[in-house]
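A.B. asks: So the sequence shown is numbered by full-length UniProt numbering: it starts at 1 and just counts up by one. For every residue, glycine included, the Cβ atom is placed at its ideal position computed from N, Cα and C. Quick one: structure below, then a few questions.
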Amino acid sequence: MAEALPSVEQPSDKPKSNGLKTNVPFTEIPLNHNADAHDEPFCRICHETGGKRGHQRLIQPCLCSGTLGNVHRACIERWLTVTKTNKCTICEFQYKTKMVLKPFNQWMWPPFTTENIVITIISILIHLTVLIQLFCLVFICLQLYHDKFPTALGVAITGLVTGMPWTVFIAFALDFGIIYSDYLKVWKASNERVKLIVDDLKFYHDLNTLQ
1 MAEALPSVEQ PSDKPKSNGL KTNVPFTEIP LNHNADAHDE PFCRICHETG GKRGHQRLIQ
61 PCLCSGTLGN VHRACIERWL TVTKTNKCTI CEFQYKTKMV LKPFNQWMWP PFTTENIVIT
121 IISILIHLTV LIQLFCLVFI CLQLYHDKFP TALGVAITGL VTGMPWTVFI AFALDFGIIY
181 SDYLKVWKAS NERVKLIVDD LKFYHDLNTL Q
């Protein structure tokens with residue numbers, strides 16, 4: 001009986017898998033994965049070292065010490081905006097902040113139904129039409145009645161003629177404001193962000209001077 005020959009593996013063109021994913025996007029790899037990353041101070045929010053996030057410097061805006069106190073200004077401002085708080089959750093330091101509008105290219109608009117869009121366009125057109133008519137009416141009254149009547153009477157007639165349309169216009173404007181007040185509140189809340197004010201050098205440490 002012939003002995004069974006040992007099987008010989010045929011060479012394969014496929015690369016051997018080492019158990020690691022080779023198609024991981026570069027953006028998923030941490031920026032501070034090198035061996036020297038632990039020697040540099042890093043942001044406790046994004047875990048990136050100073051200068052790696054848009055060349056921003058690390059600051060310590062609260063009473064936290066060590067690595068817990070290191071943050072990028074943009075990171076802490078975004079965190080305060082998302083969490084809707086103004087104090088540190090670790091040391092409970094009260095940040096000094098103010099609300100500012102985001103840049104125009106970052107504005108977000110609350111959802112609008114087709115009915116709301118039609119009503120808004122119609123309201124704007126009505127207000128513009130009434131406003132143009134009012135200016136025309138005032139101009140015509142001043143031209144026609146300025147020389148025909150005494151000054152006091154001319155002013156009174158002009159006021160009566162133009163007073164009623166202006167009253168209608170103001171009523172329309174108030175109605176428009178009341179209807180869309182809730183929408184404006186949502187829009188303002190969606191397009192505001194927290195800006196951190198650090199004006200006390202006691203709590204501001206430029207860590208770049210330590211590197």
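For the beta strand (DSSP E) that contains residue 97, what are its first and last residues?
C.D. replies: As a working note, residue 97 is residue 97 in the sequence shown. Residue 97 -> beta strand (DSSP E) spans 97-101.
A.B. asks: Between the C-alpha atoms of residue 287 and residue 73, what's the straight-line distance to the nearest angstrom?
C.D. replies: Within the shown structure, residues of the chain are numbered from 1 to 211, placing residue 287 beyond reach of any answer.
A.B. asks: Residue range of the alpha helix (DSSP H) that residue 80 falls in?
C.D. replies: Within the sequence shown, the letter at position 80 stands for residue 80. 73-83 is the extent of the alpha helix (DSSP H) around residue 80.
A.B. asks: Specify whether the region 75-94 and the region 163-180 touch according to this definition: at least 3 beta carbon pairs, one from each stretch, less than 8 angstroms apart.
C.D. replies: The region 75-94, when compared against the region 163-180, does not touch it at the 8 angstroms Cβ threshold.
A.B. asks: How about residue 88 and residue 62: are their beta carbons less than 8 angstroms apart?
C.D. replies: Position 88 of the sequence shown, counted from the start, is the residue given in the question as residue 88. Position 62 of the sequence shown, counted from the start, is the residue given in the question as residue 62. Cβ atoms of residue 88 and residue 62: closer than 8 angstroms.
A.B. asks: Rounded to the nearest angstrom, what separates residue 190 and residue 65 at their Cα positions?
C.D. replies: Translated into the one-based positions of the sequence shown, residue 190 becomes position 190. Translated into the one-based positions of the sequence shown, residue 65 becomes position 65. Distance between the alpha carbons of residue 190 and residue 65: 33 angstroms.
A.B. asks: Under the three-state reduction of DSSP, which class applies to residue 94: helix, strand or coil?
C.D. replies: Translated into positions along the sequence shown, residue 94 becomes position 94. Strand, per DSSP.
A.B. asks: When DSSP labels each residue in this structure, what does residue 89 get in the three-state scheme?
C.D. replies: Here residue 89 refers to the residue found at position 89 of the sequence shown. Coil.
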